[in-house]
Every structure is written in C-alpha cells, then in structure tokens.
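These notes concern the structure reproduced below.
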Amino acid sequence: MANRQATDPMQGNQDGKNLGASPIATALPGASPLFQLSWLLEVFRYRNQEYGAYQLRQQYPRHMMWGGLLSMALIGLLYGGTLLANALREKMTLMTVYELPEITTPPAKEEPVTPPPPVFTPPPPVRPTIAFLTPKVIEENELVEEYEPPTQEDLLNKNPGTVTTAGDPNGRDYLPEEPIEIEAPPAVIEEEKKQVKQPDYFIVVEQMPAFRGSLNQFLSREIRYPDIAKENGIQGTVVIQFLVNEKGQISNPHILKDIGGGCGEEALRVVRSMPEWLPGKQRGVPVKVQMNLPVKFHLE
C-alpha cells in the first residue's frame, strides 16, 4: 500500500488541491461542527472528496435553503388557492316565484231606477169677471142703491158674473167644473235583500293576504336544501297550499305539488313556521283566503 502523505487541512488535500474556505462556514457561521470545514477536512482527509458524502455535506445549506423556499411557496400557493376558490364559489340560492291569480272585480249591482214624480201643472188662469146684475123690481118707496151696469168696453176680455174679480185677460173663460186630480208617484218597493251564504274561504279577494316583511329573504334563510335532493340533482318547484284566516294565521298547509327528495317536506316545514300574515279583506272586512305558494329549488 502506498504511503499517504498528510497535508495541512488549510493548505489542500493529498492531490495538492487548495479547498479554500468552506461554503458551509461562510453561509452558516453558527453551524454545527459537523458541517464546518475543519471537521469535514479532518474526516475526509484521506478519502474521496470529489463526490459522495463530502459533496452532500458541503451542499447541504444550499439544499436546505432551496427546500425551505419551495416549501413556503407551495404552502402559499395552497392557501391562496383555497381563499380564491372560496371567494369564487357561488353560494346556493333559492329563487321563489309567486303565481298569484288575477283579481276579478265583481260586477256592480244595478239599483232600481225611481221614476221622477209627475210635474204639477197649475190650472190655466181665468179671465177677470165684472158684476152684471139683472134689474130687480122694487116697491115704490124702497130705497134703491145706485148701480151702474157695465158698458161694452167694460165687458171686453171679461166675463159677466155676480161679483167683480181680478184675473188673466188671456186665460180661459171658466174654471173646469171637475178638479184636476194629480196622481201620486207609485211607491218604490225595495227588493228584499237576498241573504247570500258566505263561503268558508275565498280564492280571490279585493285585498289579498301579504307576508309581513320580505318573503324571499325568509324562505332563503329558513329553507335547507335536502341532502338527498343534492346528491341526486333534484331541482324544480314545490307548491304549498294553505289558508290565511281572518287573523292572519296559517292553517291547513299541505303539499299541492312535490318533486321528491324531501323538498316538499322541507317547504311544508318552513310554511308551518311562518309568522302571522296580513289578512285578506273583502269590502273592508277580513276574510279567510286560500293561498298557493310556489317554492323553487335550484342547484348552482
């Protein structure tokens, strides 16, 4: 075996190569003695320093630095991707469509027309009269009152009579012998009001019931999409029918149309938990009204 010549650790190895300052000692001043140059040179004094463990220990700080940077970059990418995915993820929304029937105004009731009373027509005016007395035979010594008979001019446009009266020169000659009868207007007989039996509930009224607040917000907050419907991709519209009584309370709710997957039961549960509504009114009086509430289940 050839003799091996010892070399100074700071001068070089057996081949006369000058190793110089260790990159580990330069990069890591406080590094463990395991990675310091003097220790490496002492351990690998008579060993191969071109590759192998010596090179691995010499490049360890660089590998650690790159590994740490890549790890932090990967963690930042995963965290940022999660935040971005949550921000872009669209939340599931419930769209509610209300189909309210058209309100039909009842026809106006025709009231009986009362004929106007007959107009009273006064009798035509009568011409004035002038006294025209016949001569009277009296006794010889009886006191006679002076009387001058009317002349022809006095009788013009006048009728002779026993007394002198005022009248209308253009009127009739005589009053009618029979008095004019004025017929009284016929009495208006009010029709007996038929008592119409009110129905148990109305479908259409003048003022329909209304939810106190926003019905869309209430349904979106309270309805939970059933898991079975989500897994099977069930979508559609559920119709719940119920009554709103005179006090605005919900009664007799039931499923009128269902799409399966538990959607009908969920909509029915939410309708039963509703607060009181504003009651419907017919001619200003609160009445019981039947309502149909469509609830749409939609997956985003």
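Throughout, the working numbering is defined as the position within the sequence shown, counted from one, plus 4. Every residue gets a Cβ at the ideal spot worked out from N, C-alpha and C, and that includes glycine.
{"Check": "Using the Cβ count rule (16 or more neighbours within 10 Å means buried), how would you classify N236?", "Outcome": "exposed"}
{"Check": "By the three-class DSSP mapping on this structure, what secondary structure does G268 have?", "Outcome": "helix"}
{"Check": "Are the CB atoms of K285 and Q211 nearer to each other than 9 Å?", "Outcome": "yes"}
{"Check": "Distance check for Y83 and A89, CA to CA, integer angstroms please.", "Outcome": "10 Å"}
{"Check": "Rounded to whole angstroms, what is the Cα-Cα separation between P279 and E304?", "Outcome": "29 Å"}
{"Check": "Roughly how many angstroms separate the alpha carbons of P116 and F246, rounded to a whole number?", "Outcome": "41 Å"}
{"Check": "May I ask which residues mark the beginning and end of the alpha helix (DSSP H) holding N90?", "Outcome": "Y64 to L92"}
{"Check": "Please report the distance separating the alpha-carbon of H258 from that of N249.", "Outcome": "16 Å"}
{"Check": "Taking DSSP as the reference, what is the three-state secondary structure of V274?", "Outcome": "helix"}
{"Check": "Which two residues bound the contiguous alpha helix (DSSP H) that contains K234?", "Outcome": "D231 to E235"}
{"Check": "Decide if A214 is buried, meaning its Cβ has at least 16 other Cβ atoms within 10 Å, or exposed.", "Outcome": "exposed"}
{"Check": "Could you name the residues of the same chain whose beta carbon sits closer than 7 Å to that of F48, not counting the 5 residues immediately before and after it, in chain order?", "Outcome": "Y58"}
{"Check": "I think I238 touches G268, with their Cβ atoms under 8 Å apart; what is that distance to the nearest whole Å?", "Outcome": "About 11 Å separates the two Cβ atoms, so there is no contact after all."}
{"Check": "Can you find a C-beta in chain D that's less than 9 Å from the C-beta of L81?", "Outcome": "Structure shown: chain D not included; a single protein chain is present."}
{"Check": "In terms of alpha-carbon separation, which member of A91, Y205 and L297 lies closest to L219?", "Outcome": "L297"}
{"Check": "DSSP puts E122 in a beta bridge; with which residues?", "Outcome": "Sequence inspection shows Pro at residue 122; the Glu mentioned does not correspond to that position. Paired residues: none, contrary to the question."}
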